[in-house]
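Protein chains in written order, with the working numbering: chain A, 1 to 381; chain P, 1 to 381. Structure, as structure tokens:
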């Protein structure tokens with residue numbers, strides 16, 4: 001009765017690529033899940049059959065045992081160190097990604113009759129807003145939908161009476177990024193979906209009430225959501241919710257009310273150590289700026305390719321660009337893929353190309369891409 | 001400011017153990033996360049830096065790309081093959097574990113004024129019930145709390161008007177297991193938390209409305225929840241819920257409304273293949289029965305150790321036992337741990353010992369444990 005299962009595809013072009021480059025890995029520009037530091041993958045590999053000398057693989061360790069508890073504690077301490085997170089905040093490892101946070105935030109904090117401010121800068125901010133309207137009033141403080149979300153609106157006047165102000169710090173699909181936090185007024189606290197640029201640059205956590213991010217771009221594998229939340233807010237959350245949807249449940253139980261995604265937390269802990277080894281967030285920012293500059297500088301000079309995001313709103317994580325001719329775009333993507341530059345196809349709502357170059361994406365990969373683009377451009381003339 | 005992160009502990013006794021046994025892995029009786037098939041771990045290890053010859057590690061592949069889509073489709077097809085799941089059912093891979101399902105089930109199906117039947121056979125059924133009472137009426141069809149959940153109550157008269165009947169097929173903490181499904185009446189559909197015995201024996205899925213299980217016992221790593229749900233129920237679910245908490249969201253989007261836990265699904269797919277390679281569920285049941293019998297037969301003869309669950313309610317997955325003397329229990333656990341039998345400490349609500357021997361736990365591990373118990377018993381006399 002059941003259909004024959006499809007096999008994992010052989011990507012045939014890769015065999016040829018490997019011969020030329022003598023490496024088993026290609027340049028992965030995927031928007032997420034995305035490239036991870038090779039040193040992290042190598043360490044995780046060693047832990048699958050035995051974590052350290054425990055004789056038990058990392059996925060097989062009880063979350064209540066000494067070995068995993070040490071991993072968990074390392075992850076919390078390193079996360080706090082990376083972003084200078086004070087003891088006024090909880091660091092939680094949850095499940096369900098940013099999409100579940102879209103619902104949990106208003107369920108916990110927005111009662112009927114209350115208002116929350118939402119800054120609309122892309123599809124993900126819209127999705128976050130759509131969950132909030134189920135629970136209370138939403139004021140759209142600003143929107144860049146008029147120009148297909150190609151820019152970040154200038155500083156807006158915040159509502160005096162909003163419970164919180166929600167924004168998406170980096171817009172993966174449209175290649176735009178906030179350069180600074182939006183203003184808030186009164187007791188409104190800042191809520192940020194930082195999924196696609198978390199820990200890519202220094203962040204002043206004390207300005208926020210709640211920061212959340214799915215792991216699969218800058219932090220590790222899909223399936224772990226990092227939540228940094230002010231302790232007083234944890235207590236203020238709605239108590240009339242399923243236990244798993246209250247932040248206090250996870251805060252009280254150190255993210256172990258139920259079995260947490262242990263392997264994901266383990267890998268995130270390795271990524272945290274890698275960030276510290278790189279020199280922390282200031283060093284990450286310097287590297288990310290230099291890396292993105294290589295590509296934007298070329299795009300600004302190119303007669304074939306143009307960046308799609310407004311110059312003052314450009315993301316350092318997702319660089320979106322087009323030729324203006326869909327046929328040429330497709331030809332470019334096809335040739336680039338064959339040459340070992342994977343994941344460059346842009347999101348269907350923007351078209352063209354997108355190079356996602358998160359923390360772990362190597363600088364030389366961008367340099368190689370630009371060389372390839374230059375050669376492609378030369379052929380077009 | 002931040003405390004020094006604790007190191008992953010070195011389990012020093014293991015070095016000695018390794019010398020004797022010439023193996024890098026020990027017997028892991030953990031209740032979950034739990035032991036996984038070594039062949040699965042070895043294959044996963046190879047995929048961390050490159051899935052097949054894609055040049056991209058399994059955690060780094062886009063969930064929308066060809067390679068991961070093939071993994072996902074394999075997982076669905078294999079799951080259907082293992083349990084003979086007809087096209088009347090959806091197979092979903094969600095996040096949040098059984099604990100989130102405790103809330104999602106009543107949120108979707110139990111309206112105010114309606115009644116659901118709950119069979120109370122342990123702490124996890126109580127937790128499931130506690131979420132349901134937030135949304136509607138709960139009738140406790142039966143409870144074995146009077147004897148510390150040491151038995152499964154006999155067949156009960158179902159409510160004529162209940163929306164659904166919820167039970168926990170295996171009680172991890174108390175070592176009891178249903179031998180057959182509870183009765184339902186009228187249009188009431190059966191909902192089963194099968195987290196700790198799913199795919200350990202044949203199952204007639206057509207008897208159920210919804211089966212759910214966290215992955216970390218019989219299916220793979222923590223962080224993926226397998227949900228098997230009748231398609232007509234998907235449509236009947238409450239529409240006035242956050243998008244992520246509606247089953248229809250995940251059914252309509254093939255579990256990819258948001259980024260799914262890709263690595264967890266990949267590993268689950270390998271476990272599914274392993275189950276098929278073992279001969280499927282009938283073969284798993286034969287092996288599990290033989291494996292548990294080794295331990296129960298010894299417990300029935302032993303003058304030192306006694307099984308805690310009623311004979312007709314014994315779990316094939318979690319074997320709970322005590323000596324009746326806490327000091328001797330602790331001495332036994334300590335000596336067993338030193339000898340390379342890990343995770344035998346019972347849950348605090350039962351005390352004593354628990355040997356969790358899920359699908360992937362090797363038969364010889366139980367044989368070795370019994371030898372060790374016999375030697376320990378001989379010393380006590």
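Virtual Cβ for every residue (Gly too), placed ideally from N, Cα, C. Quick caveat, the model's predicted, so the values are computed rather than measured.
Exclusion of the five residues before and after residue 257 of chain P leaves 243, 244, 249 and 250 as the residues of its chain whose Cβ lies within less than 8 Å of its Cβ. Taking 8 Å as the cut-off between beta carbons, the residues of the region 129-141 of chain A near chain P are 130, 131 and 134, in sequence order. Measuring C-alpha to C-alpha distances from residue 34 of chain P to each of P:375, P:356 and P:369 identifies P:356 as the nearest. Interface criterion not met: the Cβ of residue 348 of chain A is under 8 Å from no Cβ in chain P.
What residue 354 of chain A touches in chain P, judged by beta-carbon distance under 7 Å, is nothing: the nearest beta carbon there is about 11 Å away.
The region 178-195 of chain P and the region 153-169 of chain P touch, with no fewer than 3 CB-CB distances between them shorter than 8 Å. When C-alpha distances from residue 311 of chain A are compared across A:153, A:124 and A:66, the shortest belongs to A:153. For residue 317 of chain A, no chain P residue has a C-beta closer than 8 Å to its own C-beta; the minimum C-beta separation is roughly 15 Å. The CB of residue 36 of chain A comes closer than 8 Å to the CB of 57, 59 and 60 in chain P, given here in chain order. Taking the beta carbon of residue 216 of chain A as reference, the chain P residues within 7 Å of it are 259, listed in sequence order. If you check the CB distance, residue 29 of chain A and residue 344 of chain A come in under 8 Å. The beta-carbon separation of residue 213 of chain A and residue 225 of chain A, rounded to 7 Å, stays under the 8 Å limit for a contact.
For the set P:43, P:24 and P:26, the Cα lying nearest the Cα of residue 273 of chain P is the one of P:43. The three-state reading of DSSP puts residue 345 of chain A in strand, counting E and B together. Listed in chain order, the non-local C-beta contacts of residue 161 of chain P below 7 Å within the same chain comprise 115 and 186, local neighbours out to five positions each way being set aside. The alpha-carbon of residue 103 of chain P is positioned some 50 Å away from that of residue 368 of chain A. Secondary structure of residue 247 of chain P (DSSP, three-state): helix. For the 8 Å CB-CB criterion, residue 220 of chain P and residue 271 of chain P form a contact.
Secondary structure of residue 228 of chain P (DSSP, three-state): strand. Pairing residue 178 of chain P with residue 169 of chain P, the inter-Cα distance amounts to about 5 Å. For residue 302 of chain P, the closest alpha carbon among the candidates P:371, P:144, P:139 and P:145 is that of P:371. The three-state reading of DSSP puts residue 262 of chain A in helix, counting H, G and I together.
By the Cβ-count criterion, residue 323 of chain P is buried, with 16 or more other Cβ atoms from all chains shown falling within 10 Å of its own Cβ.
Think of a sphere of 7 Å around the beta carbon of residue 342 of chain P: the chain A residues whose beta carbon falls inside it are 56, in chain order.
Taking one beta carbon from each stretch, the region 274-292 of chain A and the region 113-130 of chain A have fewer than 3 pairs nearer than 8 Å; the two do not touch. Where residue 25 of chain A is concerned, there is no enclosing alpha helix (DSSP H), because DSSP gives it neither an H nor an E. Leaving aside the five residues that flank residue 247 of chain P on each side, the residues in its chain whose CB is nearer than 8 Å to its CB run, in chain order, 90, 92, 104, 108, 227, 229, 233, 234 and 237. Uninterrupted alpha helix (DSSP H) stretches at least 4 residues long and entirely within the region 116-194 of chain A occur at 123-132, given in chain order. Between residue 307 of chain A and residue 320 of chain A, the gap from beta carbon to beta carbon is short of 8 Å. When CB distances to chain A are screened at a threshold of 8 Å, not a single residue of the region 155-167 of chain P falls below it.
At the C-beta level, residue 199 of chain P and residue 176 of chain P stay beyond 8 Å of one another. Residues of chain P whose Cβ lies closer than 7 Å to the Cβ of residue 95 of chain A are, in chain order, 95, 96 and 223.
Residue 95 of chain P is classed as buried because its beta carbon has at least 16 other beta carbons within 10 Å across all chains shown.
In the three-state reduction of the DSSP assignment, residue 78 of chain P falls in the helix class. The shortest C-alpha to C-alpha distance from residue 156 of chain A to any of A:140, A:54 and A:253 is the one to A:140.
Straight-line spacing of the CA atoms in residue 189 of chain P and residue 132 of chain P works out to 15 Å.
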